[in-house]
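Engineer: Protein chains in written order, with this note's numbering: chain U, 9 to 134; chain E, 2 to 404.
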Amino acid sequence: MYVKVMYICLMYSKELLKGTLKTIILKMLSESDSMYGYQITQKVKEITEGKINLTEGALYPALHKLEADGLLSTEKKTVGNRVRKYYSLTQTGNGRAKEKVEELKEFMETLTTIINLTPQKLAWQI
Amino acid sequence: MADLTEQNIREIEVLVEARGVEMQELSYDLVDHICCMIEEKMESGKNYTSALEESIASFGKKGIRQIQEETTFLLTKNILAMRKTMHITGITAAILLLFGSIFKIQHWPGAGIIYVLGAAALCLLFMPLFLAVRIKEKPGKLSTISNIVGILGAITLCFGILFKIMHWPWASILMNIGGALLALIFLPLYVYHGAKTKQLKTSTIVPIIVAVAGFSLMFSLVRLQSSHNVSISRSNYHNNINQNIESTIILNNTISAELKNDSTINSKESINTLALKINSKSDELCANFIQSKLSEYSDEDIKQKEQTDFENFSITMGSLNSIQNQENGLPQFLKLIEEYKATYTTITGVEPNLLINNNFEYYLNKQNKMFAFRFVLRDINSLNLQVQQLHTSLLQYYKGKVS
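(1) Under 8 Å between beta-carbons, which chain U residues line up against residue 159 of chain E? List them in chain order, please.
(2) Between residue 9 of chain U and chain E, is there a C-beta pair that is closer than 8 Å?
(3) Mind pulling the chain E residues with CB within less than 7 Å of residue 76 of chain U?
(4) Identify every run of the alpha helix (DSSP H) within the stretch 327–361 of chain E, keeping only runs that are complete inside it and at least 4 residues long; order them along the chain.
(5) Classify residue 64 of chain U: buried if its beta carbon has 16 or more other beta carbons within 10 angstroms, exposed otherwise.
(6) Please list, in chain order, the chain U residues whose beta carbon lies closer than 7 Å to that of residue 134 of chain E.
(7) Under 7 Å Cβ-Cβ, which residues of chain U neighbour residue 34 of chain E?
(8) Report the CB separation of residue 124 of chain E from residue 156 of chain E in whole angstroms; it is logged as a contact under 8 Å.
(9) Once you ignore the five residues that flank residue 12 of chain U on each side, which residues in its own chain have a CB closer than 7 Å to its CB?
(10) In terms of DSSP beta bridges, what is residue 363 of chain E paired with?
(11) So with CB distances below 7 Å, who are the chain U contacts of residue 37 of chain E?
(12) Would you call the stretch 210–223 of chain E and the stretch 269–285 of chain E touching, i.e. three or more CB-CB distances under 8 Å?
(13) Determine the direct distance from the alpha carbon of residue 111 of chain E to that of residue 126 of chain E, and round the result to whole angstroms.
(14) Could you give the distance in angstroms between the alpha-carbon of residue 31 of chain U and the alpha-carbon of residue 104 of chain E?
(15) I need the boundaries of the beta strand (DSSP E) containing residue 78 of chain U, first residue and last residue.
(16) Tell me, please, whether the CB atom of residue 151 of chain E is closer than 8 Å to any CB atom in chain U?
(17) Kindly indicate the opening and closing residues of the alpha helix (DSSP H) around residue 1 of chain E.
(18) Can you find a CB in chain U that lies within less than 8 Å of the CB of residue 29 of chain E?
(19) Name the one or two DSSP bridge partners that residue 43 of chain U has.
(20) Around the Cβ of residue 372 of chain E, are there at least 16 other Cβ atoms within 10 angstroms (buried) or fewer (exposed)?
(21) Evaluate contact between the stretch 254–264 of chain E and the stretch 330–343 of chain E, counting only Cβ atoms and requiring at least three cross-stretch pairs below 8 Å.
(22) By DSSP, does residue 84 of chain E sit in helix, in strand, or in coil?
(23) When DSSP labels each residue in this structure, what does residue 215 of chain E get in the three-state scheme?
(24) How many whole angstroms separate the CB atoms of residue 293 of chain E and residue 320 of chain E, which I take to be in contact at a CB cut-off of 8 Å?
(25) Helix, strand or coil: how does DSSP classify residue 137 of chain E here?
(26) Taking the C-alpha atoms as reference points, what is the distance between residue 99 of chain U and residue 51 of chain E?
(27) By the 9 Å beta-carbon criterion, what residues does the stretch 104–116 of chain E contribute toward chain U?
(28) On the DSSP letters alone, give me the boundaries of the beta strand (DSSP E) that residue 319 of chain E sits inside.
(29) Write down every uninterrupted run of the alpha helix (DSSP H) in the stretch 93–126 of chain E whose length is 4 residues or greater and which is fully enclosed by it, in chain order.
(30) Under a three-way DSSP split, which group does residue 487 of chain E fall into?
(31) Shortest alpha-carbon distance to residue 67 of chain E belongs to which of U:66, U:75, U:95, U:79?
(32) Between the stretch 87–102 of chain U and chain E, which residues of the former have CB atoms less than 7 Å from a CB of the latter, in chain order?
(33) Do the stretch 31–46 of chain E and the stretch 34–51 of chain U make contact, defined as three or more Cβ pairs closer than 8 Å?
(34) Compute the Euclidean distance between the alpha carbons of residue 335 of chain E and residue 358 of chain E, then round it to the nearest angstrom.
(35) To the nearest angstrom, how far is the alpha carbon of residue 53 of chain E from that of residue 86 of chain U?
(36) Using the Cα positions of residue 345 of chain E and residue 108 of chain E, report the straight-line distance between them to the nearest angstrom.
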């Protein structure tokens, strides 16, 4: 029970993550040559100290969509008796990753200004 | 790192597949992901079995299936409009074909147009769209080839059936090509592809069984013209009419010879000459009609065909043009019969009742080009037989009267 509560508390709501998922994936991949799915989830978990937990249900559909859009390419290698797919950014993907990250940064700044509005300011504006 | 054995991996693959993951590429991802989860758990001291159970359970009851659904949704989101068009054209085509067949069965006007529109919507809009959607949904060289062949085969077959219904040329060739593409290339590719991607289970096998069984049933239904007994009785009927005509003519000749001094019967313009004229006209029309199709055969060959292979002979399509000539064709034949009826009425005072089939209207219409031997020969011969038998009764009536 305790574990379950912790798990939910540590995670941001799905809605918040939804719009930024692609950006997170692109950013992660732009930091290294190639990564496989599980590695991405672990890396994100590690960087965010467990606050963001990419689920398989969100990650893999997004990866396949990005691949279909030509932003990612895959390479199959046999590791530990099984096929492992390594994802890496294509040239288009590289450019898109930068755009997306910039966009998110700006969005976050805008959000900050909204969030930092004090009640007085709001009243004055009305 | 604790390596998983090949057997372990195979087990996980089966588990992922059993939970409904059909996309090979996604399956690689998920199997690897689950393996990583298990390995991590095993490193912290768990045994393989419980690590596997925990990992699978962490996806939730339908979680693995949902990953595939979500992936398919994301990948096909941009072809939603195309799918919608495909559905609309498909439904329209199906409705048109349904109404076309009802109209056709009821012989209502417009059946042909509805049918052609329906088939065109099906073959030229629905099927290409379906192909495009399939290719986008399931990329891959092999499945693309099998999809293209399958759709091409289906289009050809559909057009073949349409041509057959509309009595247009090339129908059989189109149907055979379409059927061959489907049965000899598409089906093996489909089975091979299914076996290769390990999808050979109910969802693949059932369509194959339905397709093969349905196709065989339909094929035999279309190909079997009629049962053996029906074809024999048809052949007997044909021969009977001819023999009846022959014997009636002999009888008529015998009686009229006995009345040879009677001018009403035997003069040049008499009713007897008219009856004989009708008979020879009937023979001439039948011969012309047969010649219009089988001109390269000698009379002997045609006789042979008629006797031994009546079923095939009877479905041969002759050209109606060959008997439509105003001067010496069917119109002339019918005119002679009218003349005979009139003369008969003058002699006996009774108007004879001859059954002239509705089919003659069709044969006389110049818009109609082809018709099967079976019907044309039957209608001409049986009309001739009626006249000759009528003539027998007249001769006997007259003979009784004279003596």
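Note that the Cβ used here is the ideal one computed from N, Cα and C, for glycine as well.
Just so you know, these numbers come straight off a predicted model, no measurement behind them.
Structural biologist: So, to answer that:
(1) The residue given as residue 159 of chain E occupies position 158 in the second sequence. Correct list: empty, because the minimum Cβ distance to chain U is about 32 Å.
(2) As a position in the first sequence, residue 9 of chain U is number 1, starting the count at 1. Per-residue confidence for residue 9 of chain U stands at a pLDDT of 32, beneath the threshold of 50, marking its modelled position as unreliable; no derived number is given.
(3) By one-based count along the first sequence, residue 76 of chain U stands at place 68. Result: 76.
(4) The stretch 327–361 of chain E contains these whole alpha helix (DSSP H) runs: 331–349.
(5) As a working mapping, residue 64 of chain U is identified with position 56 in the first sequence. Counting the other Cβ atoms within 10 Å of the Cβ of residue 64 of chain U gives 16 or more, which makes it buried.
(6) Reading the second sequence from its first residue, position 133 is the one you call residue 134 of chain E. Close partners of residue 134 of chain E in chain U (Cβ separation under 7 Å) are lacking, with about 15 Å as the shortest Cβ gap.
(7) The sequence position of residue 34 of chain E within the second sequence is 33, counting from 1. Those are 45, 46, 64, listed as they occur along chain U.
(8) Taking the second sequence and counting its residues from 1, one reaches residue 124 of chain E at position 123. Taking the second sequence and counting its residues from 1, one reaches residue 156 of chain E at position 155. Correct: roughly 5 Å between the Cβ atoms.
(9) On the first sequence, residue 12 of chain U is found 4 positions in, with the first residue counted as 1. For residue 12 of chain U, the predicted model reports a pLDDT of 36, less than 50, meaning its position is unreliable and no value from the coordinates is stated.
(10) Position 362 of the second sequence, counted from the first residue, corresponds to residue 363 of chain E. Paired residues: none, contrary to the question.
(11) As a first step, residue 37 of chain E must be located in the second sequence, where it is residue number 36. One finds 46 in chain U with Cβ atoms closer than 7 Å to the Cβ of residue 37 of chain E, taken in chain order.
(12) Contact between the stretch 210–223 of chain E and the stretch 269–285 of chain E is absent, because fewer than three Cβ pairs lie under 8 Å.
(13) Here the question's residue 126 of chain E lines up with position 125 in the second sequence. Here the question's residue 111 of chain E lines up with position 110 in the second sequence. Approximately 22 Å, taken between the alpha carbons.
(14) Working through the first sequence from its first residue, we reach residue 31 of chain U at position 23. Working through the second sequence from its first residue, we reach residue 104 of chain E at position 103. Cα to Cα, the separation comes out at about 59 Å.
(15) In the first sequence, residue 78 of chain U corresponds to position 70, counting from 1. In the DSSP assignment, residue 78 of chain U falls outside any beta strand (DSSP E) and carries neither an H nor an E.
(16) For this step, residue 151 of chain E is matched to residue 150 along the second sequence. No, residue 151 of chain E does not count as interfacial toward chain U.
(17) Outside the shown range of chain E, which is 2 to 404, sits residue 1 of chain E, and nothing can be said about it.
(18) Here residue 29 of chain E is taken as the residue at index 28 of the second sequence, counted from 1. For residue 29 of chain E, at least one C-beta of chain U is nearer than 8 Å to its own C-beta.
(19) Here residue 43 of chain U refers to the residue found at position 35 when the first sequence is read from its first residue. Looking at the DSSP assignment, residue 43 of chain U forms a beta bridge with U:95.
(20) Taking the first residue of the second sequence as position 1, residue 372 of chain E is located at position 371. Counting other Cβ atoms within 10 Å of its Cβ, residue 372 of chain E reaches 16 or more and is therefore classed as buried.
(21) No, the stretch 254–264 of chain E is not in contact with the stretch 330–343 of chain E.
(22) Working through the second sequence from its first residue, we reach residue 84 of chain E at position 83. Helix at residue 84 of chain E.
(23) Against the second sequence, residue 215 of chain E aligns to sequence position 214. Three-state DSSP puts residue 215 of chain E in a helix.
(24) By one-based count along the second sequence, residue 293 of chain E stands at place 292. By one-based count along the second sequence, residue 320 of chain E stands at place 319. Contact flag correct, Cβ pair sits at about 4 Å.
(25) To locate residue 137 of chain E, count along the second sequence from 1; it is residue 136. Three-state result, residue 137 of chain E: helix.
(26) Numbered from its first residue, the first sequence carries residue 99 of chain U at position 91. Numbered from its first residue, the second sequence carries residue 51 of chain E at position 50. Going from the Cα of residue 99 of chain U to the Cα of residue 51 of chain E covers about 43 Å.
(27) Answer set for the stretch 104–116 of chain E: empty.
(28) For the purposes of this step, residue 319 of chain E is taken as residue 318 along the second sequence, with counting starting at 1. If you look at residue 319 of chain E, you'll find it in the beta strand (DSSP E) that goes 318–320.
(29) Qualifying alpha helix (DSSP H) stretches, in chain order: 112–121.
(30) Any answer about residue 487 of chain E is impossible in this case: the structure gives chain E only from 2 up to 404.
(31) Taking the first residue of the second sequence as 1, we reach residue 67 of chain E at position 66. The shortest CA-to-CA distance from residue 67 of chain E to any of U:66, U:75, U:95, U:79 is the one to U:66.
(32) Only those residues of the stretch 87–102 of chain U whose C-beta falls short of 7 Å from the nearest C-beta of chain E are listed: 88, 89, 90, 91, 92, 93.
(33) Output reads yes: the stretch 34–51 of chain U touches the stretch 31–46 of chain E.
(34) Taking the first residue of the second sequence as 1, we reach residue 335 of chain E at position 334. Taking the first residue of the second sequence as 1, we reach residue 358 of chain E at position 357. The straight-line gap separating the alpha-carbon atoms of residue 335 of chain E and residue 358 of chain E is approximately 12 Å.
(35) Taking the first residue of the second sequence as position 1, residue 53 of chain E is located at position 52. Taking the first residue of the first sequence as position 1, residue 86 of chain U is located at position 78. The straight-line gap from Cα to Cα measures roughly 21 Å.
(36) As a first step, residue 345 of chain E is located in the second sequence; it is residue number 344 there, counting from the start. As a first step, residue 108 of chain E is located in the second sequence; it is residue number 107 there, counting from the start. Computed Cα separation, rounded: 37 Å.
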